[in-house]
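What follows is a short report on a single structure.
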Amino acid sequence: MLKLTQALFCAAAVSLTSFGYAADPVIIKFAHVVADSTPKGQGALMFQKLVEADDKLKGKVKVEVYPNSSLFGDGKEMEALLLGDVQMLAPSLAKFEHYNKQVQIFDLPFLFDNLAAVDRFQQGPKGKALLTSMEDKGIRGLAYWHNGLKQLSANKKILLPKDARGLKFRVQASSVLEEQFKAVRANPRKMSFAEVYQGLQTGTVNGTENTWSNYESQKVNEVQPFFTETDHGLIDYMVITNAKFWNGLPEDVRTELQGIMDKVTVEVNKQAEALNQASRQKIIDAKTSEVDALTPEQRDEWRKAMRPVWDKFEGQIGADLIKAAQDANTAS
Ligand code: LMR
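Count along the sequence shown starting at 1, add 330, and that's the number in this note's numbering.
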């Protein structure tokens, strides 16, 4: 009798193990390089929360968020995604040139007039096609998230392109952004996001470009006495996942996750501008730095100086794609 009970117990344990395995939740590690308070940081947390509260996904999917390069930083995160060490990322659109050169379009200086134009392009057929354009490289895009328009910062007051001459500027890993600073005869230096504060503090670089939320959350104003409101370019994100992982999910789970991602995207894109404006105000209130606006004429000088960059990359990006982005500046 004891033997029979033991045998039954063992059989039950074995089947429990195999069922247990099947019932383990899928873990989605979502890593990123910025602070929780930024548009991307907020989006990742919102995604985690909505997945957790979703009845259809209960016990099936668990999202873990790793902000501030705490799991993987720039330079390592894409590789980690392809190896399956992390399942979701939202790199800035400046960080995709090794996977699809067309994505470089988002780095062209003075391309989009405002975030509404960016929306029209991203949600149009050509923008949407970019999301699925890297499947053969193992990357599947799920959404575009806004951060916002970029401003300049430096250790001196910069109002005209000639003021930037000879200064060393930190850039993201983007050939377009390197050329953009070369166009004003400054010296670009690629550097990971996690190194920016120290790079500015030690003088490895003298200035940089970023959004207000990234500046404020990294306390860049402690090490940069001047900001210039240029709105000269864009920092937006593509939320991506490992294509094999995504396609391997049960269809109902995948559909539910995409639905949640779509909801989060609407919210992130609605809130991004307000978060940036609040960060701008915090920097002004901190009184660490001067924030200079440009006159339309001054801004035009920057536009003229940086515009030749477009021609350098038109061959890689495609004239048709650039035209579609320009058309998005006019609401139809
Ligand atoms: C940067 O490196 O400056 C940005 O891409 C960081 C980010 O993810 O917003």
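Glycine is no exception: its CB is placed at the ideal position from the N, C-alpha and C atoms.
DSSP, read as helix, strand or coil, puts Pro455 in helix. Within a 10 Å sphere around the beta-carbon of Asp437 sit 16 or more other beta-carbons, which makes this residue buried. In the pairwise beta carbon analysis, the stretch 435 to 451 is classified as not touching the stretch 519 to 534: fewer than three pairs are separated by under 8 Å. When DSSP reads this structure, Phe557 sits in a beta bridge with Ser483, Val621.
In this structure, the straight-line span from the alpha carbon of Ala459 to that of Ser483 is close to 34 Å. Assigned with DSSP and collapsed to three states, Gly478 falls in strand. Put simply, the stretch 379 to 391 does not touch the stretch 449 to 468. Fewer than three CB pairs are less than 8 Å apart. Exclusion of the five residues before and after Asp366 leaves Pro397 as the residues of its chain whose Cβ lies within less than 6 Å of its Cβ. According to DSSP, residue pairing for Arg495 in a beta bridge does not occur. For Met591, the uninterrupted alpha helix (DSSP H) run begins and ends at 581 to 616, by DSSP. Relative to ligand 1, Ile565 has its C-beta within less than 7 Å of a heavy atom. In this structure, Trp542 and Gln481 form a Cβ contact; the two beta carbons are roughly 7 Å apart against a cut-off of 8 Å.
Relative to ligand 1, the beta carbon of Asp415 is positioned no closer than 7 Å to any heavy atom. DSSP, read as helix, strand or coil, puts Phe440 in coil. Ligand 1 has a heavy atom closer than 7 Å to the beta-carbon of Gln502. In this structure, Val550 places its C-beta atom within 8 Å of the C-beta atom of Val526. Looking at the DSSP output, Met408 bridges to nothing. In the displayed model, Lys359 falls within a strand according to three-state DSSP.
Residue side-chain check: Asp404 places its Cβ nearer than 7 Å to a non-hydrogen atom of ligand 1. Per DSSP, the continuous alpha helix (DSSP H) segment holding Pro369 begins and ends at 369 to 383. Residue pairing for Glu539: DSSP places it in a beta bridge opposite Leu482.
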